[in-house]
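These notes are about the structure you will find just below.
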Amino acid sequence: MPLLPFFRFAVRRPLIVLAVALLVSAGCLTVALNLRIDTDFARLLPESYPSVQALEDLQAMFGGESAVEVVVEGPAYEENLRVARQFIDEALASENEAGEAYFTRAEFEKDVSFVQNNALYFATDAELDQLETYLRDQIEDSRLDANPFFFDLEDDFDDEFDDEFEDEPAEEEIDFDEAYRAIVPKPIPVSDDSTTLVVRLYPSGSLTNIGSTEGLYDYLGTLAAPMESEQIEISLAGRPLQQVIQIRSITNDVTSSFTGGVLTVLLMVALYFLFKFVQQRGFRPVDLIRTPFTALLIGVPLVMSLTWTFAITYALFGVLNLMTSILVLVLFGLGVDYGIHFVGRYAEERGEGKSTELAMETTFVSSGPPIATSAFTTAASLFVLVIADFQGFSQFGVIAGVGILFALFSMLFLLPALMVVFERLKLVHFASDSDEERARAVASHEARPFPAAKPVLAVCALALLGALVLVPRVEFEYVFGRLEPTFEEYNELREKTRRVFPASKKRNPAYIIVDGPDEALAVQQALLEEAEGDTTTTILSAETLYDRYPVTPELQARRLARLDSIRSLLADPFLEASDSADLARLRQASQTESAIDLADVPQYLKERFTTKDGELGRFVIVYPSVGLDDGRESMRFANEIGRIETADGNEYFAGSTSIVAATMLELMLEESPLMIGLTALVVLLLMFLVFRSVKWTLLAALPLLVGIVWMLAIMTLVGLKLNFYNLIVLPAVLGIGNDTGIHVVYRYLEEGKGSLLTVLRSTGEHVAVGALTTMVGFAWWMFSYHPGLNTIGELAVIGIGAVLVAALAFLPAVLQAIER
Numbered sequence: 069m070p071l072l073p074f075f076r077f078a079v080r081r082p083l084i085v086l087a088v089a090l091l092v093s094a095g096c097l098t099v100a101l102n103l104r105i106d107t108d109f110a111r112l113l114p115e116s117y118p119s120v121q122a123l124e125d126l127q128a129m130f131g132g133e134s135a136v137e138v139v140v141e142g143p144a145y146e147e148n149l150r151v152a153r154q155f156i157d158e159a160l161a162s163e164n165e166a167g168e169a170y171f172t173r174a175e176f177e178k179d180v181s182f183v184q185n186n187a188l189y190f191a192t193d194a195e196l197d198q199l200e201t202y203l204r205d206q207i208e209d210s211r212l213d214a215n216p217f218f219f220d221l222e223d224d225f226d227d228e229f230d231d232e233f234e235d236e237p238a239e240e241e242i243d244f245d246e247a248y249r250a251i252v253p254k255p256i257p258v259s260d261d262s263t264t265l266v267v268r269l270y271p272s273g274s275l276t277n278i279g280s281t282e283g284l285y286d287y288l289g290t291l292a293a294p295m296e297s298e299q300i301e302i303s304l305a306g307r308p309l310q311q312v313i314q315i316r317s318i319t320n321d322v323t324s325s326f327t328g329g330v331l332t333v334l335l336m337v338a339l340y341f342l343f344k345f346v347q348q349r350g351f352r353p354v355d356l357i358r359t360p361f362t363a364l365l366i367g368v369p370l371v372m373s374l375t376w377t378f379a380i381t382y383a384l385f386g387v388l389n390l391m392t393s394i395l396v397l398v399l400f401g402l403g404v405d406y407g408i409h410f411v412g413r414y415a416e417e418r419g420e421g422k423s424t425e426l427a428m429e430t431t432f433v434s435s436g437p438p439i440a441t442s443a444f445t446t447a448a449s450l451f452v453l454v455i456a457d458f459q460g461f462s463q464f465g466v467i468a469g470v471g472i473l474f475a476l477f478s479m480l481f482l483l484p485a486l487m488v489v490f491e492r493l494k495l496v497h498f499a500s501d502s503d504e505e506r507a508r509a510v511a512s513h514e515a516r517p518f519p520a521a522k523p524v525l526a527v528c529a530l531a532l533l534g535a536l537v538l539v540p541r542v543e544f545e546y547v548f549g550r551l552e553p554t555f556e557e558y559n560e561l562r563e564k565t566r567r568v569f570p571a572s573k574k575r576n577p578a579y580i581i582v583d584g585p586d587e588a589l590a591v592q593q594a595l596l597e598e599a600e601g602d603t604t605t606t607i608l609s610a611e612t613l614y615d616r617y618p619v620t621p622e623l624q625a626r627r628l629a630r631l632d633s634i635r636s637l638l639a640d641p642f643l644e645a646s647d648s649a650d651l652a653r654l655r656q657a658s659q660t661e662s663a664i665d666l667a668d669v670p671q672y673l674k675e676r677f678t679t680k681d682g683e684l685g686r687f688v689i690v691y692p693s694v695g696l697d698d699g700r701e702s703m704r705f706a707n708e709i710g711r712i713e714t715a716d717g718n719e720y721f722a723g724s725t726s727i728v729a730a731t732m733l734e735l736m737l738e739e740s741p742l743m744i745g746l747t748a749l750v751v752l753l754l755m756f757l758v759f760r761s762v763k764w765t766l767l768a769a770l771p772l773l774v775g776i777v778w779m780l781a782i783m784t785l786v787g788l789k790l791n792f793y794n795l796i797v798l799p800a801v802l803g804i805g806n807d808t809g810i811h812v813v814y815r816y817l818e819e820g821k822g823s824l825l826t827v828l829r830s831t832g833e834h835v836a837v838g839a840l841t842t843m844v845g846f847a848w849w850m851f852s853y854h855p856g857l858n859t860i861g862e863l864a865v866i867g868i869g870a871v872l873v874a875a876l877a878f879l880p881a882v883l884q885a886i887e888r
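Numbering follows my numbering, with no gaps: position 34 of the sequence shown is 102.
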């Protein structure tokens, strides 16, 4: 073997090898400590994507899409008002580390007197259409009510026909309060009981970067603290807070799951080798003392390899993304498997009476190739992911592939060196101490067939056939809300803001940047044509500044004519007699008889159409008619408005965090089947290069292929769906499945016919312990508070467990059938 001289050097000069490894690891650790998790999910897409570029342009021109909401509560209205004004002054004056203002503007006090008398001048055509329809209906109803010969027969038959027509959609009625408040808000955003005020602050930076958003909320918390008192409570709310709370939840879950998982894995490794020693030479108290050192044998080289991996990660990418941040546990689980195989085989060789050097070399020659084959095939299959556009896949492939190769190196060269040192220091003891123990170790490896092969084969075959029927029923979870925990803290804060701002249909808008009124109106017209006549459209409305404020003489004349028409309707004798508060507000709001100059338009009406630099009318705002919590609806909305072509052939792209998220989900779903197929193909090709036989390649791949089929079938039985979070588990299942089949087949070919039971009692035991330790490590995710992270643990346990059963039951039964 070409690497045997290097291995011999590591065994004969272990202190030199370990000293160099420690120095390299210390240097890499200083680099790796600079690594941070980039929480900006927009960076999971290539920068060249139009949705990403549109979002970056939007953030540069407009700032954050959603407002941070500051809730001021107290029994005294005037004191609440004073605190709210002070908070606004300090927040708008604050700057981040780059010297930029944290916020572009604050939304709080508004002078609405001018708008109250001219509100309908600033209404959109759609709102005016709806209003005219409403007024005509009111006039008709009033006339009928005034007719002494009219009888409303519908009232007599309502009950009879309710059931027949209960499924028909009701005609949409005008919501006077919401429509009126869109133009004429409260002068001060205060609750009905005057105890709660809400300030809206619009961030100048990106809201896709959860880290910076979290820092923003932390900063506001420091501003709020000195202003609070026994009478005044200040709470921070808003949509960005939900993302911050969720990321905090994920971070806490990742930290606790990783810590618990790693400690449990190392404990299981230590207990396994204690069991091996007891089995070999009976229970000795000294072995109990040595047990922690057997875990360190594998843990120390593996931690070194992780420092190398993440130093390379920092050099290549500078950060971890949301997908690669869970890589530590994946790499730790796969690396532990390699260590268990090496240490387990070495313990067997030493148990048979071989010297340290001979046992090491025998282990390297016999177990090294299958360990290397497993690692190289897994790493190569992961490197295939580099071609993916979705950065969650491509960066995961690079980092995981490099990490597996470093883990392989550490287990084949550093682990043996550390074992030699530990044996010299008597921290571990693998050798047999008597002829009786050596004879028992040799006898345990006598060739024996696999018992009950036929029943096991029949049961597994039936299970496989049944699973193939269930696999097509596997579903993907599109509803993001089902993957997120219920945050009582956020819900309570949202209820506070809703005392002031009731829930609105207009949420989660997307923005299209334009250069002026002509472009804005052209884009709006293209959007309306897109939605017109389409019963499945996702567009609720497309608004521009010029809907609210007619800029050309033609548009102004048309708006004034509409107001004349509405005044005529309001002057109808049947409405003049009405004392309706809504009609009174409409009469006041329709007083405009001449065009209004732009300078006279209140600033708060212009603010949402104003850039950071004060430019007006650079946006078309598109509101979805569907809930974007459902990924399918989110993708439909993104596909409908993501790219707009106007009548003159110009292209425009919509920007919003929801469109980026939809693009990311669509790309992930599109690339997943291709990536899985390519990785499976690479695994099979590399296996073929090792075994040089189609037969043995397919047998080595059997646990992986069958295990995945069983995993998918079990998912349908227990109601578990694939989702954005647990798709990342599939590489781990791939690595374990690849590992188990290669080791069992390689050892079987080494031992020869009739050795299946021996293979299972040796290599099979190592495979089982390696898989079980990884399963237990991932099982910690099942205790996460976050439902999405729960599914990572559930899918990993199911998948690795299914592969393990296929490797230790189905594969041996097939091999025994081939023997016969």
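Heads up, the beta-carbon is just placed ideally off N, CA and C, and yes, glycines get one too.
Please read these numbers as outputs of a predicted model, since none were measured by experiment.
Next on the checklist: What does the alpha-carbon distance come out to for the pair S572 and R566?
Outcome noted: 10 Å
Checklist entry - How would you call L742, buried or exposed, if buried means at least 16 neighbouring beta carbons within 10 angstroms? => result exposed
Next on the checklist: Considering only the alpha carbon of each residue, which of G869, T605, L309 lies closest to Y691?
Outcome noted: T605
Next on the checklist: So, at 8 Å on beta carbons, what are the nonlocal neighbours of V865 in its own chain, with the 5 sequence-adjacent residues on each side left out?
Outcome noted: M843, F846, A847, M850
Item to check | Rounded Cβ spacing between E141 and T263 (contact assumed at less than 8 Å) | outcome: 6 Å
Checklist entry - To the nearest whole angstrom, what separates the beta carbons of H834 and I408, a pair I think is in contact under 8 Å? => result 5 Å
Checklist entry - So with Cβ pairs under 9 Å, would you call V837 a contact of chain B? => result You won't find chain B in this structure, because it holds only one protein chain.
Next on the checklist: So within the segment 551 to 616, which uninterrupted beta strand (DSSP E) runs reach at least 3 residues, ignoring any that extend past its ends?
Outcome noted: 578 to 581, 607 to 612
Checklist entry - For E141, which beta-bridge partners are listed by DSSP? => result T264, E301
Checklist entry - Just the Cα atoms here: how many angstroms apart are F642 and L196? => result For F642 and L196, the distance between alpha carbons rounds to 20 Å.
Next on the checklist: Among the candidates L798, I810, N718, whose CA atom is the shortest distance from the CA of L754?
Outcome noted: I810
Next on the checklist: Does the segment 250 to 261 come into contact with the segment 154 to 166, if we say contact requires no fewer than three beta-carbon pairs (one atom in each stretch) closer than 8 Å?
Outcome noted: With the cut-off at 8 Å, the segment 250 to 261 and the segment 154 to 166 do not touch.
Checklist entry - Looking at C-alpha atoms only, which residue of E146, S119, F182 is the closest neighbour of L735? => result With distances taken between Cα atoms, L735 lies closest to S119.
Next on the checklist: Rounded to the nearest angstrom, what separates N559 and G838 at their Cα positions?
Outcome noted: 43 Å
Checklist entry - Given that a residue counts as buried once 16 or more other Cβ atoms are within 10 Å of its Cβ, and exposed if not, what is S662? => result exposed
Checklist entry - Under the DSSP definition of a beta bridge, which residues are partnered with T678? => result L684
Checklist entry - Just the Cα atoms here: how many angstroms apart are F432 and F410? => result Those two C-alpha atoms are separated by around 8 Å.
Next on the checklist: Could you compute how far the alpha carbon of S478 sits from the alpha carbon of V454?
Outcome noted: 24 Å
Checklist entry - Roughly how many whole angstroms lie between the Cα atoms of R840 and L402? => result Per the sequence shown, the amino acid found at residue 840 is Leu instead of Arg. Cα to Cα, L840 sits roughly 12 Å from L402.
Checklist entry - Roughly how many whole angstroms lie between the Cα atoms of H854 and E552? => result 6 Å
Next on the checklist: Buried or exposed, going by whether 16 or more other CB atoms sit within 10 Å of the CB of Q459?
Outcome noted: buried
Checklist entry - Is it buried or exposed for R616, if we count other Cβ within 10 angstroms and need 16 for buried? => result buried
Checklist entry - In the DSSP assignment, what residue or residues form a beta bridge with E622? => result For E622, which the question treats as bridged, DSSP gives no partner whatsoever.
Next on the checklist: Using 9 Å as the threshold, is the C-beta distance between V79 and V488 below it?
Outcome noted: The answer is yes: Cβ separation under 9 Å.
Checklist entry - Under the three-state reduction of DSSP, which class applies to L101: helix, strand or coil? => result coil
Checklist entry - Just how far apart, CA to CA, sit G601 and T660? => result 34 Å
Item to check | Beta-carbon separation (whole angstroms), F677 vs V266, contact threshold 8 Å | outcome: Rounded, the Cβ-Cβ distance is 22 Å, inconsistent with contact.
Next on the checklist: Restricting to Cα atoms, I'd like to know which of G723, D632, G775 is closest to Y117.
Outcome noted: G723
Checklist entry - In or out: A649 buried (at least 16 other Cβ within 10 Å) or exposed? => result exposed
Checklist entry - What alpha helix (DSSP H) runs, 4 residues minimum, are completely inside the segment 757 to 786? => result 762 to 786
Item to check | Beta-carbon contacts of E232 that lie in its chain and below 6 Å, excluding the five residues immediately before and after | outcome: With a pLDDT of 45 at E232, under the threshold of 50, the modelled position of this residue cannot be trusted; read the value that follows with caution. The answer is none, since no qualifying residue turns up.
Item to check | Which of helix, strand or coil DSSP assigns to A722 | outcome: strand
Next on the checklist: Taking 9 Å as the threshold (C-beta atoms), are F400 and G329 in contact?
Outcome noted: yes
Next on the checklist: Using C-beta distances below 7 Å, list every residue in its chain close to R888, excluding the 5 sequence neighbours before and after it, in chain order.
Outcome noted: none
Next on the checklist: Between S272, L696, L673, L370, which has its C-alpha nearest A128's C-alpha?
Outcome noted: S272
Checklist entry - Per DSSP, V893 forms a beta bridge with which residues? => result As shown, the chain starts at 69 and ends at 888. That puts residue 893 outside it, with no answer to give.
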